[in-house]
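Below is one structure, written out as structure tokens, with a few remarks after it.
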Amino acid sequence: EQAQLAERSAHAKSALSEKSATQRKFELLGVSAECQTGDAGTEFVIVDMKVLNNFFAQSKCGTCGAGSLTLSKAADKEYGLAVKLQLVCGSCNFEKKQFSSPRVSGTASITPFEVNMRAMKGIQTIGKGVTALADFCASMNLSHRGLHHKTFQGHLKTFVKACESTATASEAASVVVIKDLYRDFLNPVGNIDVIFDGSWMTRGRSSH
Numbered sequence: 001e002q003a004q005l006a007e008r009s010a011h012a013k014s015a016l017s018e019k020s021a022t023q024r025k026f027e028l029l030g031v032s033a034e035c036q037t038g039d040a041g042t043e044f045v046i047v048d049m050k051v052l053n054n055f056f057a058q059s060k061c062g063t064c065g066a067g068s069l070t071l072s073k074a075a076d077k078e079y080g081l082a083v084k085l086q087l088v089c090g091s092c093n094f095e096k097k098q099f100s101s102p103r104v105s106g107t108a109s110i111t112p113f114e115v116n117m118r119a120m121k122g123i124q125t126i127g128k129g130v131t132a133l134a135d136f137c138a139s140m141n142l143s144h145r146g147l148h149h150k151t152f153q154g155h156l157k158t159f160v161k162a163c164e165s166t167a168t169a170s171e172a173a174s175v176v177v178i179k180d181l182y183r184d185f186l187n188p189v190g191n192i193d194v195i196f197d198g199s200w201m202t203r204g205r206s207s208h
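If you count by UniProt numbering, then the sequence shown holds residues 1 to 208, one letter each, in order.
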């Protein structure tokens, strides 16, 4: 019996060493490599409006057949980086309006625009805040202020709650994996080492 247990332990260690840390994380979170190379969901790109209108100039109106379609932003419908786009025909009454970003899913009656949530998350990732986002958007001529500071803080609270929920679920899944792994190692589960990366306020230093 001891020989079988030792063989099982050696097999578990061998299987563990054959997989990279990233692969083990993917398996823990139920993510496959195919998901990363396939449809990534919403895709954003920064495009000059003149470029889009050059394309529409080659198109014909589906109502009257004239080549006089133009795309513009509705100045009174800007919500952070999400704007309402309007496609109109200069030869007839055709008009189509749609926001430049979808809204995130949720139970609220009005959910935030995805582009605004991503902008908030992106600027937070590099250690900056709402002022830096406003400066970036102004420099890129995207928006005069990016997100209002109250909207930014509201989105941040929503994001933190989602992160906490994900972290709790990940921790619970990790406990199950660790118990199974240590059972194969023939060791009782006690205190385990946790390695993580963090950031100090001083540039160039990290926490482990």
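Where is the CB? At the ideal position from N, CA and C, for every residue including glycine.
Scanning its chain for C-beta atoms nearer than 7 Å, with the 5 sequence neighbours on each side dropped, one finds around threonine 70 the residues Asn53, Phe56, Val88, Gly90, in chain order. Of the other Cβ atoms in all chains shown, fewer than 16 fall within 10 Å of the Cβ of histidine 144; this residue is therefore exposed. DSSP, reduced to helix, strand and coil, places valine 47 outside both helices and strands of the structure shown, so it counts as coil.
Lysine 121 places its beta carbon less than 8 Å from that of phenylalanine 159. Where glutamate 114 is concerned, the enclosing alpha helix (DSSP H) starts and stops at 114-125. The three-state secondary structure of threonine 131, taken from DSSP, is helix. Of Lys25, Ala119, Ser68, the smallest CA-CA separation from serine 174 is found for Lys25. Only residues of its own chain outside the window of five on either side were considered, and among them Lys60, Cys89, Gly90, Ser91, Cys92 have a CB closer than 8 Å to the CB of alanine 66, listed in chain order.
No residue range can be given for leucine 142, since it is assigned to no beta strand (DSSP E) and is classified by DSSP as neither H nor E. Collapsing the DSSP output to three states places cysteine 89 in a strand. In the DSSP assignment, phenylalanine 99 falls within the beta strand (DSSP E) that extends over 95-99.
Distance from the CA of tyrosine 79 to the CA of glutamate 171, rounded to the nearest whole angstrom, comes to 36 Å. Take histidine 149, set aside five residues on each side of it, and the residues of its chain with a beta-carbon closer than 8 Å to its own are Val130, in chain order.
Around the beta carbon of valine 115, 16 or more other beta carbons lie within 10 angstroms, which makes this residue buried. Contact check for leucine 147 and alanine 119: beta-carbon distance about 7 Å, within the 8 Å limit, so the pair qualifies. In the DSSP annotation of this structure, the continuous segment of the beta strand (DSSP E) that includes lysine 77 starts and ends at 69-79.
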